[in-house]
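**Student:** Got a structure here, written out as structure tokens. Questions coming.
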Amino acid sequence: AQTVTQSQPEMSVQEAETVTLSCTYDTSESDYYLFWYKQPPSRQMILVIRQEAYKQQNATENRFSVNFQKAAKSFSLKISDSQLGDAAMYFCASLGASGSRLTFGEGTQLTVNP
Amino acid sequence: GAVVSQHPSWVICKSGTSVKIECRSLDFQATTMFWYRQFPKQSLMLMATSNEGSKATYEQGVEKDKFLINHASLTLSTLTVTSAHPEDSSFYICSARDWGATNEKLFFGSGTQLSVL
Numbered sequence: 001a002q003t004v005t006q007s008q009p010e011m012s013v014q015e016a017e018t019v020t021l022s023c024t025y026d027t028s029e030s031d032y033y034l035f036w037y038k039q040p041p042s043r044q045m046i047l048v049i050r051q052e053a054y055k056q057q058n059a060t061e062n063r064f065s066v067n068f069q070k071a072a073k074s075f076s077l078k079i080s081d082s083q084l085g086d087a088a089m090y091f092c093a094s095l096g097a098s099g100s101r102l103t104f105g106e107g108t109q110l111t112v113n114p
Numbered sequence: 115g116a117v118v119s120q121h122p123s124w125v126i127c128k129s130g131t132s133v134k135i136e137c138r139s140l141d142f143q144a145t146t147m148f149w150y151r152q153f154p155k156q157s158l159m160l161m162a163t164s165n166e167g168s169k170a171t172y173e174q175g176v177e178k179d180k181f182l183i184n185h186a187s188l189t190l191s192t193l194t195v196t197s198a199h200p201e202d203s204s205f206y207i208c209s210a211r212d213w214g215a216t217n218e219k220l221f222f223g224s225g226t227q228l229s230v231l
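Line by line, the protein sequences give chains A and B.
Counting along the first sequence from 1, when you hit position 98 you're at 98 in this note's numbering, and nothing is skipped either side.
Counting along the second sequence from 1, when you hit position 57 you're at 171 in this note's numbering, and nothing is skipped either side.
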């Protein structure tokens, strides 16, 4: 079984500043993947960043990076130099290596203030 | 990059009719596809997992006779909402898993907004 929890329904950040979105998870699988997806008003799901659980190194993608704490089952997303286009709903998700199901958190609505 | 095409983007139908939504993986083979339902300002709720050539696995509480899923080929999965009612109105999204990718990747369709009158 997998559960993903995002405890921040809404977050806001000033343009050019840094913001961190929180995510905790639980899984019964020994090997799994973690993701952050962005859903803008168009509702198209866009992959922001992914992390293989067996890798200790935190994933980074340009302005986006994660803080993966496997023992604590925490997977936070840091957005640096926030831009207006970053405003969206952000979902944390986990996928077991068996590939049976992709489980999403409740989402965090991010607002970027100019 | 890999693309998942989902059609139609939106559909309006009368109560009691059936609606079919298609999800196609373009330029990659998707042995597994996922179907999600999303209500406004809520998360994606997994409805079922579709594996090519076999019966779909439905999540608890999802009526398999209501939401028919067919995954007849490596690039196409369909979701049919049978005898639709207003409470079935929702945003439906499919996702396809690219097994051929060197890294685990999932790609999403653009979604289908279903409105049942």
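Idealized CB from N, CA, C, for every residue including glycine.
Since the model is a prediction, treat every value here as computed from it, not as a measurement.
1. Would you mind stating whether residue 8(A) and residue 108(A) have Cβ atoms separated by less than 8 Å?
2. Any C-beta of chain A sitting closer than 8 Å to the C-beta of residue 226(B)?
3. Are the C-beta atoms of residue 91(A) and some chain B residue less than 8 Å apart?
4. Restricting to Cα atoms, I'd like to know which of 32(A), 97(A), 80(A) and 69(A) is closest to residue 16(A).
5. Who are the near neighbours of residue 189(B) in its chain, counting only those whose CB is closer than 7 Å to its CB and skipping five residues on each side?
6. Cα-Cα, which of 69(A), 50(A), 47(A) and 65(A) is closest to residue 56(A)?
7. Residue 311(B) CB to nearest chain A CB: under 8 Å?
8. Where DSSP assigns a beta bridge to residue 246(B), which residues make up the other side?
9. Per DSSP, what kind of secondary structure is residue 96(A) in: helix, strand or coil?
10. Under a CB-based cut-off of 8 Å, is residue 104(A) close to chain B?
11. Do residue 221(B) and residue 117(B) have their C-beta atoms closer together than 8 Å?
12. Can you list, in chain order, the residues of the region 137–165 of chain B whose Cβ is nearer than 7 Å to any Cβ on chain A?
13. Kindly indicate if chain A contains any beta-carbon less than 8 Å away from that of residue 181(B).
14. Could you tell me whether the Cβ atoms of residue 226(B) and residue 135(B) are closer together than 8 Å?
15. Taking only three categories from DSSP, how would you classify residue 231(B)?
16. Using a Cβ cut-off of 9 Å, pull out every chain A residue sitting near residue 209(B), in sequence order please.
17. Would you tell me roughly how many angstroms separate the C-alpha atoms of residue 87(A) and residue 110(A), rounded to the nearest one?
18. Among 159(B), 202(B), 187(B) and 212(B), whose alpha-carbon lies nearest the alpha-carbon of residue 3(A)?
19. Quick check on this structure: which residue in 202(B), 147(B) and 155(B) has the alpha carbon closest to the alpha carbon of residue 264(B)?
20. Using a C-beta cutoff of 8 Å, does residue 85(A) count as contacting chain B?
21. May I ask you to report which of helix, strand or coil DSSP gives residue 52(A)?
22. Runs of 3 residues minimum, wholly inside the region 12–45 of chain A: which ones carry the beta strand (DSSP E) assignment?
**Tutor:** So, from the listed chains and residues:
1. Translated into positions along the first sequence, residue 8(A) becomes position 8. Translated into positions along the first sequence, residue 108(A) becomes position 108. Yes. Within cutoff.
2. In the second sequence, residue 226(B) corresponds to position 112, counting from 1. Answer no: the Cβ-Cβ gap between residue 226(B) and chain A never drops below 8 Å.
3. The residue you call residue 91(A) lines up with position 91 of the first sequence. Yes, residue 91(A) counts as interfacial toward chain B.
4. For the purposes of this step, residue 16(A) is taken as the residue at position 16 of the first sequence. Residue 80(A) is the option with its Cα nearest to residue 16(A).
5. By one-based count along the second sequence, residue 189(B) stands at place 75. Short of 7 Å from the beta carbon of residue 189(B), and not among the five residues preceding or following it, lie these beta carbons of its own chain, in chain order: 138, 139, 143 and 144.
6. Here residue 56(A) is taken as the residue at index 56 of the first sequence, counted from 1. Checking every option, the nearest Cα to that of residue 56(A) belongs to 69(A).
7. Since the first and last residues shown for chain B are 115 and 231, residue 311(B) lies out of range.
8. For residue 246(B) there is no data in the structure shown, the boundaries of chain B being 115 and 231.
9. Position 96 of the first sequence, counted from the first residue, corresponds to residue 96(A). Three-state result, residue 96(A): strand.
10. As a first step, residue 104(A) must be located in the first sequence, where it is residue number 104. Yes, residue 104(A) lies at the interface with chain B (some Cβ there is under 8 Å from its Cβ).
11. By one-based count along the second sequence, residue 221(B) stands at place 107. By one-based count along the second sequence, residue 117(B) stands at place 3. Cβ distance < 8 Å, so residue 221(B) and residue 117(B) count as in contact.
12. Taking 7 Å as the Cβ-Cβ cut-off, the region 137–165 of chain B approaches chain A at 146, 148, 157, 158, 160 and 163, given in chain order.
13. As a position in the second sequence, residue 181(B) is number 67, starting the count at 1. For residue 181(B), the answer is no, since every Cβ of chain A falls outside 8 Å of its Cβ.
14. To locate residue 226(B), count along the second sequence from 1; it is residue 112. To locate residue 135(B), count along the second sequence from 1; it is residue 21. It is a contact, given that the beta carbons lie within the stated cut-off.
15. Along the second sequence, read from residue 1 onward, the residue named residue 231(B) stands at position 117. Judged by DSSP in its simplified three-state form, residue 231(B) adopts coil rather than helix or strand.
16. By one-based count along the second sequence, residue 209(B) stands at place 95. When 9 Å is used as the limit between beta carbons, residue 209(B) is near these residues of chain A: 45 and 102, in chain order.
17. Taking the first residue of the first sequence as position 1, residue 87(A) is located at position 87. Taking the first residue of the first sequence as position 1, residue 110(A) is located at position 110. Computed Cα separation, rounded: 5 Å.
18. If you number the first sequence from 1, residue 3(A) lands on position 3. Among 159(B), 202(B), 187(B) and 212(B), the Cα nearest to that of residue 3(A) belongs to 159(B).
19. As displayed, chain B neither begins before 115 nor continues past 231, which places residue 264(B) out of reach and without an answer.
20. Locating residue 85(A) in the first sequence gives position 85, where the first residue counts as 1. The beta carbon of residue 85(A) sits no closer than 8 Å to any beta carbon of chain B.
21. Against the first sequence, residue 52(A) aligns to sequence position 52. In this structure, residue 52(A) counts as strand in the three-state DSSP scheme.
22. Counting only runs of 3 or more, we get 19–21, 24–27 and 32–39.
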